[in-house]
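One line per chain: the protein sequences are L and Z, in this order.
Take the position in the first sequence, starting the count at 1, then add 16; the result is the number in my numbering.
Take the position in the second sequence, starting the count at 1, then add 7; the result is the number in my numbering.
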Amino acid sequence: MAGKLKIRVDQDKCQGHARCKSLAPELFELDEYGNAHEIGDGTVPAGLEDKAWLAQTNCPEIAITVTEE
Amino acid sequence: MSDTESFLPEHPPVADWVNDFDHTDPRWTENPFPIWDELRAASPVVHTERFLGCYMPTTYEAVRAIANDTEHFSSRRVIVRDIRPEQTAKAPPITSDPPEHKPAKQLLLPPFTPDAMKKLEPRVRAICNELIDEFIADGKCDAAARYTKHIPVRAIAHMLGIPEKDGDLFINWIHEILELGIKSQETLMKAATEMDTYFAGHIEHRKTHPTDDLISTMMNARTKDGQPLSDEHVRGSLRLLLIAGIDTTWSAIGASLWHLAKTPVDRERLVREPSLMPLAVEELLRAYSPVTMAREVMKETTISGCPVKPGNMVLLSFPAANRDPKMFPDADKVVLDRKENRHAAFGLGIHRCVGSNLARMEMTVALEEWLKRIPDFRLDPAGKVTWSEGTVRGPRQLPVLFGKTA
Numbered sequence: 017m018a019g020k021l022k023i024r025v026d027q028d029k030c031q032g033h034a035r036c037k038s039l040a041p042e043l044f045e046l047d048e049y050g051n052a053h054e055i056g057d058g059t060v061p062a063g064l065e066d067k068a069w070l071a072q073t074n075c076p077e078i079a080i081t082v083t084e085e
Numbered sequence: 008m009s010d011t012e013s014f015l016p017e018h019p020p021v022a023d024w025v026n027d028f029d030h031t032d033p034r035w036t037e038n039p040f041p042i043w044d045e046l047r048a049a050s051p052v053v054h055t056e057r058f059l060g061c062y063m064p065t066t067y068e069a070v071r072a073i074a075n076d077t078e079h080f081s082s083r084r085v086i087v088r089d090i091r092p093e094q095t096a097k098a099p100p101i102t103s104d105p106p107e108h109k110p111a112k113q114l115l116l117p118p119f120t121p122d123a124m125k126k127l128e129p130r131v132r133a134i135c136n137e138l139i140d141e142f143i144a145d146g147k148c149d150a151a152a153r154y155t156k157h158i159p160v161r162a163i164a165h166m167l168g169i170p171e172k173d174g175d176l177f178i179n180w181i182h183e184i185l186e187l188g189i190k191s192q193e194t195l196m197k198a199a200t201e202m203d204t205y206f207a208g209h210i211e212h213r214k215t216h217p218t219d220d221l222i223s224t225m226m227n228a229r230t231k232d233g234q235p236l237s238d239e240h241v242r243g244s245l246r247l248l249l250i251a252g253i254d255t256t257w258s259a260i261g262a263s264l265w266h267l268a269k270t271p272v273d274r275e276r277l278v279r280e281p282s283l284m285p286l287a288v289e290e291l292l293r294a295y296s297p298v299t300m301a302r303e304v305m306k307e308t309t310i311s312g313c314p315v316k317p318g319n320m321v322l323l324s325f326p327a328a329n330r331d332p333k334m335f336p337d338a339d340k341v342v343l344d345r346k347e348n349r350h351a352a353f354g355l356g357i358h359r360c361v362g363s364n365l366a367r368m369e370m371t372v373a374l375e376e377w378l379k380r381i382p383d384f385r386l387d388p389a390g391k392v393t394w395s396e397g398t399v400r401g402p403r404q405l406p407v408l409f410g411k412t413a
């Protein structure tokens, strides 16, 4: 059985395109400069796995990693 | 020969795109896509002797590599011109390199977050409807001249706190700087000086009459050491916001309407499925990215194996990168619900467009309001669509007829 997904935004790579926030607002938040951060510890709640992958595959800076725990 | 033709030094027509490309050639302006395919098939990087010598990467991969390499590639010149004046008017942060870039950009980021744009959205919706009110009864319009042209300029004027009615002034300066200025230093300098004088007046006025608009925000900003920005820095950033914020989004909205006018299946789908709009906006941004930038080589390096030297200019075509089939399957097709779309319409790396959230909001609202009130429209066969040349590409005449075909 597949484990839980975890997301992480690499702060050195994120440039604030905000695509992740638009595609998966439940998983990402933006700081005052518009740069993205994973919400909480990045654990993806059940049912939001597709959104996590969608955010990952649309980040222009390849700043988002999704890992299976 | 008309006055306009004699005013600009003409470039000879291109006979060999691969070895002699010219992004101001009328055929490139009209339909660049097959040209980019030809260049990409020939080489990941091509060169022209025009513009005092210029390279152009043709692949997404090469464009990304250059955008991320601020050590070898400087942004101090971001437009490829016939001339290369020693002193170019600075417009921080777009013309800044590290380490000056980050603090200059950070000052501008908070007013342009998605949340900040939500506050501006009702005004933009109203602007769109005010414009549509003016022509909807005519059954037709030039959508570029009557609609798309006015939305970004009024929105940015609203943010800056300058009169929306000054829009025509700004549009004229931008035309002189971004289009005519490629070939005429005199026109470029004249427009830049007029713009500076205009903003200097607004800055002076706010020194005694503070406001809560973006100009005052810039004037009140402090550097890390607590120093206010120089008037020159403020004027430079204002110049940037105006230049970068107007004909770019005007072009993106116009190209989207152009696509929808000639593609009934996509238009009908967007009317039927309005929830598709966020993905559709990204796809239209990818397919018809308006903005091409440039870099100047600072240290010897290579682009996809091709050696380049200090002083060489590099045309950084995000629009061509976004058509690279290696990165985007069916790159030449508009797929409204494209799922995987790392498009570079707003650039890549540290120079990601500071106004990208504004542009997206304006595009979304402009398309939504248009489709609500004019769900059926098509290109007017009696008219001609024309496109701007050079750094920003989009329709400047877009004659459309409303209603279903008889």
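Glycine included, every Cβ here is placed at the ideal spot set by N, Cα and C.
- Around the beta carbon of Z:Ser-82, 16 or more other beta carbons lie within 10 angstroms, which makes this residue buried.
- For Z:Arg-302, the enclosing beta strand (DSSP E) covers residues 299-304.
- With a threshold of 8 Å between beta carbons, Z:Lys-346 makes contact with chain L.
- In terms of CA proximity to L:Lys-20, L:Ala-62 leads the group L:Ala-62, L:Ala-79 and L:Thr-73.
- With respect to the 8 Å criterion, Z:Glu-280 and L:Asn-74 are not classified as neighbours on the basis of their beta carbons.
- A straight line joining the alpha-carbon of Z:Trp-257 with that of Z:Asp-104 spans about 28 Å.
- Between the alpha carbons of Z:Leu-283 and Z:Ala-327 lies a distance of about 25 Å.
- Between Z:Ile-86 and Z:Ala-301, the C-beta gap is smaller than 8 Å, which places the two residues in contact.
- Beta-bridge analysis with DSSP links Z:Asp-149 to Z:Pro-406.
- Within the region 23-37 of chain L, those residues whose Cβ lies closer than 8 Å to any Cβ of chain Z are, in chain order, Gln-31, Gly-32, His-33, Ala-34, Arg-35 and Lys-37.
- Short of 7 Å from the beta carbon of Z:Glu-186, and not among the five residues preceding or following it, lie these beta carbons of its own chain, in chain order: Ser-395, Glu-396 and Gly-397.
- In this structure, DSSP gives Z:Leu-176 a helical state, which the three-state scheme calls helix.
- Only exposed fits Z:Pro-41, as fewer than 16 other CB atoms lie within 10 angstroms of its CB.
- One Cα belongs to L:Pro-76, the other to Z:Leu-408, and the distance between them is close to 37 Å.
- Residue contact with chain Z for L:Leu-64: absent (no Cβ-Cβ distance below 8 Å to any residue of chain Z).
- Selection L:Ala-71, L:Cys-36 and L:Gly-58 evaluated against L:Gly-50 yields L:Cys-36 as nearest (Cα-Cα).
- Z:Cys-313 has its alpha-carbon roughly 7 Å from the corresponding atom of Z:Val-52.
- If you check each beta-carbon in the region 333-366 of chain Z against every beta-carbon of chain L, the ones closer than 8 Å belong to Lys-346, Glu-347, Asn-348, Arg-349, His-350, Ala-351, Phe-353, Leu-355, Gly-356, Ile-357, Arg-359, Ser-363 and Asn-364.
- Per DSSP, the continuous alpha helix (DSSP H) segment holding Z:Phe-206 begins and ends at 192-215.
- Z:Lys-231 and Z:His-108 have their C-alpha atoms some 13 Å from each other.
- Scanning chain Z for C-beta atoms nearer than 9 Å to the C-beta of L:Thr-73 yields Lys-346, Glu-347, Asn-348 and Arg-349, reported in chain order.
- Of all residues in the region 89-119 of chain Z, only Lys-112, Gln-113, Leu-116, Pro-117 and Phe-119 place a beta-carbon less than 9 Å from a beta-carbon of chain L.
- Think of a sphere of 7 Å around the beta carbon of L:Pro-61: no beta carbon from chain Z falls inside it, the nearest being about 21 Å out.
- Scanning its chain for C-beta atoms nearer than 6 Å, with the 5 sequence neighbours on each side dropped, one finds around Z:Glu-307 the residues Lys-316, in chain order.
- Interface annotation, Z:Pro-285: in contact with chain L, CB-CB separation under 8 Å.
- Residues of the region 15-46 of chain Z that bring their beta carbon within less than 9 Å of a beta carbon in chain L are absent altogether.
- If you check the CB distance, Z:Cys-135 and Z:Ala-338 do not come in under 8 Å.
- Between Z:His-350 and Z:Arg-400, the beta carbon gap of about 15 Å keeps them out of contact (Cβ cut-off 8 Å).
- Look at L:Glu-48: its C-beta is under 8 Å from a C-beta on chain Z.
- Contacts with chain Z at 8 Å (Cβ-Cβ) do not include L:Leu-21.
- Considering only Z:Leu-176, Z:Asn-227 and Z:Asp-219, the residue with the shortest C-alpha distance to Z:Asp-203 is Z:Leu-176.
- Residue range 363-380 is occupied by the alpha helix (DSSP H) that includes Z:Arg-380.
- The shortest C-alpha to C-alpha distance from Z:Leu-127 to any of Z:Ile-158, Z:Ser-244 and Z:Ala-74 is the one to Z:Ile-158.
- Bridge pairing for L:His-53: L:Glu-45 [DSSP].
- DSSP places Z:Tyr-62 inside the beta strand (DSSP E), whose first and last residues are 61-64.
- Of the candidates L:Thr-81, L:Leu-39, L:Gln-31 and L:Glu-48, L:Leu-39 places its Cα closest to the Cα of L:Leu-64.
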